[in-house]
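Enquirer: Here the sequence shown is numbered in UniProt numbering, starting from 1 and rising by one per residue.
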Amino acid sequence: MFERVLIANRGEIACRVIRTCRRLGIRTIAVYSEADRDAQHVRQADEALPIGGPLPAESYLRIDAILDAAKKSGAQAIHPGYGFLSENTAFSRACKDAGIVFIGPDPESIEAMGSKAAAKQLMAKHAVPLVPGYDGDEQDNACLAEQAHAIGYPLIIKPSAGGGGKGMQIVRSDAEFPEALATAQRVAQAAFGDASMLLERYVEHPRHIEFQIFGDRHGNIIHLGERECSAQRRYQKVLEETPSPFLTPEKRAAMGAAAVAAARAVNYVGAGTVEFIVGPAGDFHFMEMNTRLQVEHPVTELTHGLDLVEWQLRIADGEPLPLAQQDVVSHGHAIEVRLYAEDPDQNFLPGSGKLQSLRLPTPSQHVRLDGGVVEGDTVTIFYDPMIAKLIVWDGDRPKALQRMREALAACEIIGPKSNIAFLERLVRHPAVVEARIDTGYLDRHLDEFLVGDAAPAEGALFAAATAVLLHDETHVAGNAADPHSPWARADAWRVGHAGKRIVALAWRDQRFEIEARGHAGNYQLRRGETTCEVQGALLSDDNLGARFDGEARRVPLHVDAAHVLLHDAHGQRYSLGRAAAFAWEAKDTAGGNQVIAPMPGRIVLVKVQAGDAVEQGQELLVMEAMKMELALKAPRAGTIESVNAAQGEFVEADAVLVRFAV
1 MFERVLIANR GEIACRVIRT CRRLGIRTIA VYSEADRDAQ HVRQADEALP
51 IGGPLPAESY LRIDAILDAA KKSGAQAIHP GYGFLSENTA FSRACKDAGI
101 VFIGPDPESI EAMGSKAAAK QLMAKHAVPL VPGYDGDEQD NACLAEQAHA
151 IGYPLIIKPS AGGGGKGMQI VRSDAEFPEA LATAQRVAQA AFGDASMLLE
201 RYVEHPRHIE FQIFGDRHGN IIHLGERECS AQRRYQKVLE ETPSPFLTPE
251 KRAAMGAAAV AAARAVNYVG AGTVEFIVGP AGDFHFMEMN TRLQVEHPVT
301 ELTHGLDLVE WQLRIADGEP LPLAQQDVVS HGHAIEVRLY AEDPDQNFLP
351 GSGKLQSLRL PTPSQHVRLD GGVVEGDTVT IFYDPMIAKL IVWDGDRPKA
401 LQRMREALAA CEIIGPKSNI AFLERLVRHP AVVEARIDTG YLDRHLDEFL
451 VGDAAPAEGA LFAAATAVLL HDETHVAGNA ADPHSPWARA DAWRVGHAGK
501 RIVALAWRDQ RFEIEARGHA GNYQLRRGET TCEVQGALLS DDNLGARFDG
551 EARRVPLHVD AAHVLLHDAH GQRYSLGRAA AFAWEAKDTA GGNQVIAPMP
601 GRIVLVKVQA GDAVEQGQEL LVMEAMKMEL ALKAPRAGTI ESVNAAQGEF
651 VEADAVLVRF AV
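#1: DSSP state of R234, grouped into three classes?
#2: Do G272 and P385 have their CB atoms nearer than 8 Å?
#3: Report, in whole angstroms, the separation of the C-beta atoms of residue 689 and A180, which I expect to be a contact under 8 Å.
#4: For E513, which residues of its own chain have a beta-carbon under 6 Å away from its beta-carbon, when the five flanking residues on both sides are left out?
#5: Entirely within the segment 50-125 and at least 3 residues each: give me those beta strand (DSSP E) ranges in chain order.
#6: Do you know how far the Cα of I26 is from the Cα of R314?
#7: I want to know whether the segment 243-254 touches the segment 307-323 - three or more CB-CB distances under 8 Å.
#8: Output yes if chain E places a C-beta closer than 8 Å to the C-beta of M113; else output no.
#9: CB S86 to CB Y60, shorter than 8 Å?
#10: Taking the straight line between their C-alpha atoms, what separation do you get for E406 and R397?
#11: By Cβ distance, which residues of its chain are closer than 7 Å to Y202, with the 5 residues on each side in sequence left out?
#12: Would DSSP call C229 helix, strand or coil?
#13: Between which two residues does the alpha helix (DSSP H) carrying E301 extend?
#14: Go ahead and label V555 buried or exposed: buried means 16 or more other beta carbons lie within 10 angstroms of its beta carbon, across all protein chains shown.
#15: Does F2 come out as helix, strand or coil in the three-state DSSP assignment?
#16: At the level of alpha carbons, what is the spacing between A324 and E241?
#17: Measuring alpha carbon to alpha carbon, tell me which of V451, G415, S418 ends up nearest H429.
#18: Could you please give the first and the last residue of the uninterrupted alpha helix (DSSP H) stretch that includes P178?
#19: Under 8 Å: do the segment 280-293 and the segment 181-193 share three or more Cβ pairs, one atom per stretch?
#20: When DSSP builds the beta bridges, which residues end up paired with Q572?
#21: Could you give the DSSP three-state label for K607: helix, strand or coil?
#22: Could you name the residues of the same chain whose beta carbon sits closer than 8 Å to that of D542, not counting the 5 residues immediately before and after it, in chain order?
#23: Compare the beta carbon distance of A259 and H223 with 8 Å and say whether it is the shorter of the two.
#24: Determine the direct distance from the alpha carbon of G74 to that of C21, and round the result to whole angstroms.
#25: Under a three-way DSSP split, which group does A490 fall into?
#26: Would the segment 190-199 count as touching the segment 227-235 if we require 3 or more Cβ pairs under 8 Å?
#27: Since I believe S357 is in contact with E375 (beta carbons under 8 Å), could you give me their beta-carbon distance rounded to a whole number of angstroms?
#28: Could you give the DSSP three-state label for H218: helix, strand or coil?
#29: On the DSSP bridge assignment, give the partners of Q510 in chain order.
#30: DSSP state of M255, grouped into three classes?
#31: Roughly how far, in whole angstroms, is the beta-carbon of E336 from the beta-carbon of L390, given that I think they are within contact range, below 8 Å?
#32: Y383 by DSSP, collapsed to three states: which one?
#33: Can you tell me which of the three DSSP states R19 falls into?
#34: Suppose you measure from the CA of V295 to the CA of E515; what does that come to, to the nearest Å?
#35: How far does the beta strand (DSSP E) with D370 in it extend, from its first residue to its last?
#36: Mapping DSSP to helix, strand and coil, what is E375?
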C-alpha cells in the first residue's frame with residue numbers, strides 16, 4: 001500500500017479522502033490556493049503545499065504546480081477527488097509519465113469517455129442502448145440546425161466535452177433552436193474550452209439513474225447497484241438515493257449488465273459511474289460515463305457497508321477487487337442531500353461569507369456528515385458553495401425519509417443564506433414521498449418547494465418569545481453570584497411594579513414585538529390585540545414543551561443569545577434574529593433605478609445599451625459567478641441611462657452595472 005498520497009482537490013472530498021488514508025496509515029499531502037490557506041483540508045492533512053492563486057485556473061487546475069508539489073513531498077500517488085482535474089486526460093497521462101500513480105482510470109479510458117459524442121459511438125459498438133441523436137464532427141450552425149430538424153423535437157443540446165448539466169438546453173421547435181444553440185456554445189466554451197455540441201432526442205419526464213462500477217487490473221469489473229438522481233434543478237442533482245424506488249429486479253439486472261459492458265468497452269480500472277436516462281415505461285438509454293468517484297458515493301457506501309475510497313486506493317496499488325458480482329449485497333435505504341450556501345428565493349443565487357454559526361446533526365449509525373468547513377470558516381466566492389453533504393440510512397425508504405427530515409431539522413446556518421428550508425420542503429413533498437419525481441419535476445413545480453414570503457404566524461412568534469424568555473432567565477441565573485437574588489432574575493422585576501418585558505424578533509426586514517409578563521415558564525404574552533397564556537414551559541433537547549392557551553404543544557427549536565430557529569406546526573422553518581427592544585431602523589428596500597452585481601463575477605453577455613426601453617423582468621446582462629450563469633433582470637420598466645460593464649469584464653460585488661433614467 002502507498003505510504004504517501006497527495007490529494008489534488010479541496011473541501012469536502014479532500015477531507016473525505018484524508019479520513020480513509022488516516023485509517024489505513026497513509027500520510028496525506030494537501031495542496032491549497034491562496035484562498036484556502038486556512039481551509040479544513042489543509043488543517044487535517046499531514047502536510048500541505050501552496051499551488052497558486054485563488055482562481056481554479058491559477059491553482060487546482062494547474063497540472064505543473066500539482067505535479068511539482070507531488071515530487072517535492074515524495075508522494076507516490078495522487079487522488080484527484082471529483083471536479084477540477086479528476087477527468088483530465090492530460091493530468092492522468094502526466095502523472096503516469098512522472099512515475100506517480102494516478103488514483104483513477106488510465107488516460108485512454110478517460111479520453112474515450114471524455115467526449116460524449118465519441119463515447120456514444122463507442123457504446124453503439126458494444127450494444128449499450130442509446131437515445132437517437134447526432135454526435136458528428138461537423139459542427140457549423142447550419143448543419144446542427146438541419147440535424148435537429150431531422151431528429152425531431154423535443155431535443156436536448158449538450159456540450160460534447162461537458163458535464164454537470166452545464167450548457168444543456170431543451171428545444172421544442174426549429175424557431176427556438178438558434179438562440180438555445182448560441183447559449184449552449186457560449187457556456188461550453190467558457191466552462192470546457194470546447195463549443196462542440198451533440199444533439200439527442202429528449203425523453204419526456206425521464207428519470208436519471210446511475211450505476212456505480214469498479215474495475216481492477218486483473219480484468220474484473222463489477223457494479224455496486226444504482227443511485228436514483230432524478231430530483232434535479234437545472235440538471236444539478238439535489239437529492240440522491242439508493243436503491244431506486246422505480247426499478248424492478250429485472251430492470252436493475254439489465255441496467256447493471258449494460259453498465260458493466262460500458263466499462264468493459266474501455267478496459268476500465270478504478271471507480272466510475274455509468275449514467276442512464278430512463279423513460280416512464282422503463283426503457284433506458286446510455287447518457288454518459290463519469291470516470292471518477294461521484295459526489296453521491298456515500299449512499300452506496302452506507303447500503304453496502306463499504307469504503308469506496310479504500311477500494312480506489314487498493315485497486316490503484318494493484319490489488320484485485322475484494323468482491324465478485326455475486327457477493328455484492330445491499331441493505332436498507334440511503335438518501336443524500338447537499339447543504340449549500342445559496343438563496344433559493346433568489347433563483348438559488350450562490351452565497352459566500354463567514355459561517356457565524358453552523359449546527360449539524362450528531363453523526364450516528366443512521367446519520368453521516370461529509371463536510372469541508374466548520375463554524376467560523378468562510379465560504380469563498382471562488383469555488384462551489386457546498387457546506388456539507390447530509391446522508392441518512394435506515395431499513396427502508398419511508399424510515400430513511402423520516403431520518404432525513406429529523407436531520408435537516410437539526411441543521412442551522414447563520415451567515416450566508418442556505419438551502420436548508422428548501423430541502424426540508426423537498427423531503428416532505430408528496431411527489432418525493434411517493435417517488436414520482438422525474439428530472440424536470442422540480443423546475444416545473446419549483447414554487448411548491450420554495451419558502452416564499454409568508455411571515456411567521458402568531459403561534460410561531462409566541463413559541464419563539466417563550467424560548468427567549470426561558471433562555472434568558474436560565475442564562476442570567478446561571479451566571480449570577482446569587483441566583484436567588486431578585487436582581488438575578490431576567491423577569492423585569494422592580495420594587496412595587498409588575499414585571500413587563502419586550503421580546504423583539506426580526507425576520508427578513510420585519511420586526512415583531514411581543515409583550516411578556518411572568519417568569520419561570522409561566523407567561524402572559526401579547527402582540528397587538530392578540531394574547532396567549534403560556535404554562536409550564538420547558539426547554540429540553542432543542543424542543544420547547546408548553547401549554548399555549550391550554551393546548552399542549554411541542555415545538556422543535558433552538559435558541560441562543562442572538563437567534564431562534566424553529567419549525568412551526570406545518571414543518572416550516574423560521575430563523576428569527578433577536579433584535580434589541582426599542583432599537584430598530586427599518587431597512588430601505590425601495591429603489592429600482594439601478595442593477596447591481598450580487599457578487600463578484602464576470603460579465604459574459606450585455607443585452608442592452610443606453611437609450612433602450614426595457615420591460616420589467618427583461619434580461620439586461622448575464623453574469624458568470626461561482627460556476628453559474630446568472631441572468632440580471634430589469635427591476636422595472638423604463639429607459640436605460642447607462643451600462644457600466646462590458647462583456648468579459650470582471651466586476652466586484654455591489655458594483656452598479658446598469659442605471660435607469662429617472
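Every residue gets a Cβ at the ideal spot worked out from N, C-alpha and C, and that includes glycine.
Expert: In terms of the structure at hand:
#1: Coil.
#2: Here G272 is not near P385, since their CB atoms are 8 Å or more apart.
#3: There is no way to answer for residue 689, as the model of the chain reaches only from 1 to 662.
#4: Excluding positions up to five away in sequence, the list reads I502, A504.
#5: 77-79, all fully within the segment 50-125.
#6: If I take the Cα positions, the gap works out to 12 Å.
#7: Not touching, per the Cβ criterion.
#8: Judged by its chain identifiers, the structure shown contains no chain E, having just a single protein chain.
#9: No, the Cβ-Cβ distance between S86 and Y60 is not below 8 Å.
#10: In this structure, the straight-line span from the alpha carbon of E406 to that of R397 is close to 14 Å.
#11: The beta carbon of Y202 sits closer than 7 Å to those of P154, L155, I156, I170, all from its chain and outside the five residues before and after it, given in chain order.
#12: The answer is strand: DSSP assigns C229 an E or B state.
#13: That run of the alpha helix (DSSP H) goes 297-304.
#14: Buried is the call here.
#15: It is coil, neither helix nor strand.
#16: Using only the alpha carbons, I get a separation of about 23 Å.
#17: Relative to H429, the option among V451, G415, S418 whose CA is nearest is V451.
#18: If you look at P178, you'll find it in the alpha helix (DSSP H) that goes 177-192.
#19: With a cut-off of 8 Å, the segment 181-193 and the segment 280-293 do not count as touching, because too few Cβ pairs lie within range.
#20: Per the DSSP secondary-structure output, Q572 pairs with nothing in a beta bridge.
#21: DSSP, read as helix, strand or coil, puts K607 in coil.
#22: Around D542: A410, P556, L557, H558.
#23: Cβ distance < 8 Å, so A259 and H223 count as in contact.
#24: Distance from the CA atom of C21 to the CA atom of G74, rounded to whole angstroms, is 16 Å.
#25: Residue placement at A490 is flagged as unreliable, the pLDDT there being 49, under the threshold of 50; the coordinate-derived value follows with that caveat. Coil, per DSSP.
#26: Result no; under three Cβ-Cβ pairs closer than 8 Å.
#27: The beta-carbon separation of E375 and S357, rounded to 6 Å, stays under the 8 Å limit for a contact.
#28: In the structure shown, H218 sits in coil (DSSP, three-state: anything other than H, G, I, E or B).
#29: Q510 pairs with W507.
#30: Of the three classes helix, strand and coil, the one that applies to M255 here is helix, per DSSP.
#31: In this structure E336 touches L390 by the C-beta definition: roughly 7 Å separates them, less than 8 Å.
#32: Note: Y383 maps to coil in three-state DSSP.
#33: Correct three-state label for R19: helix.
#34: For the pair V295 and E515, the Cα-to-Cα distance works out to about 49 Å.
#35: Counting along the chain, D370 sits inside the beta strand (DSSP E) bounded by residues 367-371.
#36: Secondary structure of E375 (DSSP, three-state): coil.
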